[in-house]
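Worksheet: the structure to be examined is printed underneath.
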Amino acid sequence: MTFVKVNNPINKTFDGLMNELFNELPVNFGKSIREDVLHFPPANIIEKADQYKIELAAPGMEKADFNVKLDGKILNISAEKKAETAAENEKMIRKEFGYKAFKRSFTLDEKIDAVNISAKYENGILTLELPKKEEVKSGAKEITIQ
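Under the numbering used here, the first residue of the sequence shown is numbered 890, with each subsequent residue one higher.
Quick look at the structure:
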């Protein structure tokens, strides 16, 4: 029995595409998936002595576009930018600006003082301040030996 190698141009194109896809992935592939497919804005979570801070990068939005709700122990942050309509006498030549709706959820623990959570939007960053409860804030306590 003789094996014959078939040179199929469709397979060659497919193999070339697969090699390009898997061997030459860009460095920021994960970032691209998060922002383009999942519509998650990047978030920073910072812990300080008296509070936690969550920062979400959401440029181009306005305060009215955001919705922040606390449902039990789940902090839901969502935003939706309303589409702008062009004036009748304008013709859009190229449109690259696009705003996508997103929703992020964070689970809060019992250390957070849920009543005093605050939020502000400034320079494209939504900042939420989550203060810690008093008993959690207190630092080390010295115990005397009797």
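Virtual Cβ for every residue (Gly too), placed ideally from N, Cα, C.
What three-state label does DSSP hand residue i in the structure shown?
i	result
Glu-1024	helix
Val-916	With a pLDDT of only 48 at Val-916, under the threshold of 50, the placement of this residue in the model should not be trusted; the figure read from the coordinates follows. Val-916: coil per DSSP, three-state reduction.
Lys-952	helix
Ala-947	coil
Asn-1005	helix
Arg-983	coil
Leu-1017	strand
Asn-941	Here residue 941 is Tyr; the residue named in the question, Asn, does not match the sequence. If DSSP states are grouped into helix, strand and coil, Tyr-941 belongs with the strands.
Can you give the Cα-Cα distance for residue i and residue j, rounded to whole angstroms?
i	j	result
Tyr-941	Glu-951	23 Å
Gly-949	Ala-938	32 Å
Ile-963	Arg-983	40 Å
Asp-998	Gly-961	10 Å
Lys-958	Ala-968	12 Å
Ala-1003	Lys-980	48 Å
Ala-946	Ala-932	7 Å
Thr-1016	Asp-954	14 Å
Lys-970	Glu-977	21 Å
Return yes when the Cβ of residue j is within less than 8 Å of the Cβ of residue i, no when it is not.
i	j	result
Glu-944	Ile-1014	yes
Phe-929	Phe-986	no
Ser-994	Asn-1012	no
In its own chain, which residues sit with a C-beta less than 6 Å from the C-beta of residue i, not counting the 5 before and 5 after it?
i	result
Glu-1018	Gln-940, Lys-942, Ser-1007
Tyr-1010	Lys-952
Asn-956	Ser-967
Ile-934	Ile-943
Excluding five sequence neighbours on each side, which residues of the same chain lie with their C-beta closer than 7 Å to the C-beta of residue i?
i	result
Thr-996	Lys-962, Ile-963
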